[in-house]
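**Student:**
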Amino acid sequence: MHYTAHFGAAVLGCYLVAWVMFRSRWPANSPTIAILCWQGIGLAIGLSAIGIPISIGLAPYHQPPGTALRSLAGDLAGGRLPAQLGVGHLALISVGLGVGVVLFWSTGASLRAAAKARQRQRDLLALVARADPAAPGALVLDHPSAAAYCVPGLRPRLVISAGALSLLRRDELAAVLSHEEAHAKERHDLVLLPFTALVRALPGVSWVGRAFAAVALLVEMRADDHARRLHTDELLAAALARFATAPSHATPAGMLGAAEHDIVARVRRLRAPLHPTPAVAVLSLAAATLLAVWAGALFVS
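If you count by full-length UniProt numbering, then the sequence shown holds residues 1 to 301, one letter each, in order.
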C-alpha cells in the first residue's frame with residue numbers, strides 16, 4: 001500500500017504547487033517557467049489518477065506498480081492468479097486502466113476535433129481570404145470586426161481581419177503579427193492540448209478548468225514576450241488596447257488569437273516594470289518536475 005501513498009503524496013504535492021501558483025504574481029512575470037510547472041503538474045496528476053486505484057488493486061503482489069502489472073499479465077496468460085487477489089482488487093485495477101483509457105481517448109478526441117476545426121478554417125480561408133501587402137506573411141479576411149489569429153499546424157497560417165487592418169497602425173500590426181508568429185513557431189496549440197484533454201475528460205472539475213484558463217493566459221503572455229523582443233512594450237500594449245475597445249470577432253475554435261484571454265491583464269503587464277525571476281518560481285518548477293518524474297518512475301520501476 002505504500003505505493004498508493006506515494007501516488008497520493010504526488011497528488012497532494014501537485015495541489016500545493018498549484019495553490020501557490022494560483023495565488024502568486026510571479027507566473028505573469030515568468031510565463032515560460034509557469035507553463036512548464038503546469039505541464040509537470042498535469043502529467044503528475046494524470047499518472048497518479050491512474051496509479052492510485054491500480055496500486056491498491058495490485059497490493060497482493062507487493063511489487064512496484066509497473067513490475068506488478070507485468071506479473072499480473074504473466075499470471076493472466078498462464079491462467080493462474082494469486083490467492084490474495086480478489087474480485088475487488090481486479091475491479092480497482094480495471095478502474096485505473098479505465099482512467100488511463102479515458103485520458104488517452106480524450107487526448108485523441110481533442111486532437112481530432114482541433115484537426116477538423118483547422119481544416120475547416122483552411123478550406124474557408126482558401127475561398128475567402130486574400131493576400132495583402134499591408135499584412136506581409138498573413139492572410140486578410142474581409143470582415144469588419146477586429147480579429148487576428150493563428151491557424152496552427154505543420155503549415156500554419158496567420159490571419160488578420162480587414163477590420164483589424166484598418167484599426168491598427170502599420171507598426172502595431174507588425175507587433176500583433178509577431179505575437180501570432182510565436183503561437184505558430186512554438187506550437188502553443190500542443191502546449192494547451194493536455195489541458196484541453198483534461199477539461200474534456202473531467203468537465204465538472206473546477207480546478208481543471210481554472211488550470212486550463214491559467215495556461216491559456218500564460219501562452220498569450222509567452223507570445224507577448226516574443227513580440228516585445230522585436231517591438232516596444234508600449235507599441236504592443238497599444239495594439240492590444242485597440243482590440244479591447246473595438247468591436248471584435250471571436251477567434252474560431254482551435255485557433256490562437258491575439259485578442260484572447262484577459263487583454264486588460266496583458267496590457268497592464270506590458271506597461272509594468274519587468275521583475276527578475278523570484279526564487280519561488282524556480283522552486284515551483286523543481287517541485288513540479290520532481291512530482292512528474294516521481295509519478296512516472298513508479299510505473300517503470
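For every residue, glycine included, the Cβ atom is placed at its ideal position computed from N, Cα and C. Treat the numbers as computed from the prediction; the structure is a model and nothing was measured.
Please report how far the alpha carbon of Leu127 lies from the alpha carbon of Arg118, in whole angstroms.
**Tutor:** Those two C-alpha atoms are separated by around 14 Å.
**Student:** Give a yes or no on contact between the segment 136 to 146 and the segment 209 to 221, applying the rule of three or more CB pairs nearer than 8 Å.
**Tutor:** Not touching, per the Cβ criterion.
**Student:** At which residues does the beta strand (DSSP E) containing Ala129 begin and terminate?
**Tutor:** First-last for Ala129: undefined, no H or E at that position.
**Student:** Among the residues of its own chain, which have a CB less than 8 Å from the CB of residue 354, if the five just before and after it don't count?
**Tutor:** The displayed coordinates of the chain run from 1 to 301. Any statement about residue 354 would go beyond what the structure contains.
**Student:** Round the Cβ separation of Ala288 and Gly40 to the nearest angstrom and send it over; I've been treating them as touching at under 8 Å.
**Tutor:** 3 Å between Cβ atoms; contact.
**Student:** Between Ala197 and Ser106, which are expected to be in contact by the criterion C-beta below 8 Å, what is the C-beta distance as a whole number of angstroms?
**Tutor:** Indeed, because the Cβ distance is near 4 Å, the residues count as touching under 8 Å.
**Student:** Give every residue of the same chain whose Cβ lies closer than 6 Å to the Cβ of Pro194, excluding the five residues on either side of it in the sequence, and list them in chain order.
**Tutor:** For Pro194, where only same-chain residues beyond five positions count, the Cβ hits under 6 Å are Gly42.
**Student:** With Arg228 as the anchor, note down where its alpha helix (DSSP H) starts and where it stops.
**Tutor:** Start and end: 206 to 228.
**Student:** Got a sec, what are the start and stop residues for the beta strand (DSSP E) Ser161 sits in?
**Tutor:** Run containing Ser161: 157 to 161, per the beta strand (DSSP E) assignment.
**Student:** Assuming Asp149 is part of the beta strand (DSSP E), what are its boundary residues?
**Tutor:** As written in the sequence, residue 149 is Tyr, which differs from the Asp given in the question. Counting along the chain, the beta strand (DSSP E) containing Tyr149 begins and ends at 148 to 151.
**Student:** Only counting the same chain, and skipping five residues up and downstream in sequence, which positions put a Cβ closer than 7 Å to that of Val151?
**Tutor:** Arg118, Gln121, Arg122, Arg157, Val159, Met255, listed in sequence order.
**Student:** For Leu230 and Ala216, what's the separation of their Cα atoms in angstroms?
**Tutor:** Answer to the nearest angstrom: the Cα atoms are 22 Å apart.
**Student:** Residues in its own chain within less than 7 Å of Asp224 by CB, not counting five upstream and five downstream?
**Tutor:** Same-chain partners within the cutoff: His179, Leu236, Arg266, Leu270.
**Student:** Exposed or buried, what is Tyr3 when buried is set at 16 or more other beta-carbons lying within 10 Å of its beta-carbon?
**Tutor:** With 16 or more other Cβ atoms within 10 Å, it is buried.
**Student:** Among residues of its own chain, excluding the 5 on either side of Leu285, which ones have a beta-carbon nearer than 8 Å to its beta-carbon?
**Tutor:** So the list reads Ile33, Leu36, Cys37, Gly40, once near-sequence residues are dropped.
**Student:** With 16 other CB atoms within 10 Å as the buried threshold, where does Phe104 fall?
**Tutor:** Phe104 should be labelled exposed.
**Student:** Looking only at C-alpha atoms, which of Ala297, Leu165, Val11, Gly8 sits nearest to Ala246?
**Tutor:** That would be Leu165, whose Cα lies nearest to the Cα of Ala246.
**Student:** Under a Cβ-count criterion, where at least 16 other Cβ atoms within 10 Å of its own Cβ denotes burial, should Ser30 be classed as buried or exposed?
**Tutor:** Burial call: buried.
**Student:** Label Asp189 either buried or exposed according to how many other C-beta atoms from any shown protein chain fall within 10 Å of its C-beta, with 16 as the threshold for buried.
**Tutor:** Under this definition Asp189 is a buried residue.
**Student:** Mapping the DSSP letters down to three states, classify Leu92 as helix, strand or coil.
**Tutor:** Note: Leu92 maps to helix in three-state DSSP.
**Student:** From His62 to Ser94, what does the alpha carbon distance come to, in whole angstroms?
**Tutor:** Each residue's Cα considered, the two are about 18 Å apart.
**Student:** Can you give me the C-alpha to C-alpha distance between Val11 and Ala297, rounded to a whole angstrom?
**Tutor:** One C-alpha to the other measures close to 15 Å.
**Student:** Is Gly51 closer than 8 Å to Phe299 when the C-beta atoms are compared?
**Tutor:** Yes.
**Student:** With a cut-off of 8 Å on the beta carbons, I'd call residue 304 and Ala175 a contact; round off their distance for me.
**Tutor:** Within the shown structure, residues of the chain are numbered from 1 to 301, placing residue 304 beyond reach of any answer.
**Student:** Which ranges does the beta strand (DSSP E) cover as unbroken runs of at least 3 residues, wholly within the segment 265 to 300, from first to last along the chain?
**Tutor:** You should have found no qualifying run.
**Student:** List the endpoints of the continuous alpha helix (DSSP H) containing Leu43.
**Tutor:** From DSSP, the alpha helix (DSSP H) with Leu43 extends over 31 to 57.
**Student:** Does Asp233 pass the burial test, meaning 16 or more other C-beta atoms within 10 Å, or should it be called exposed?
**Tutor:** Asp233 is buried by the Cβ-count criterion.
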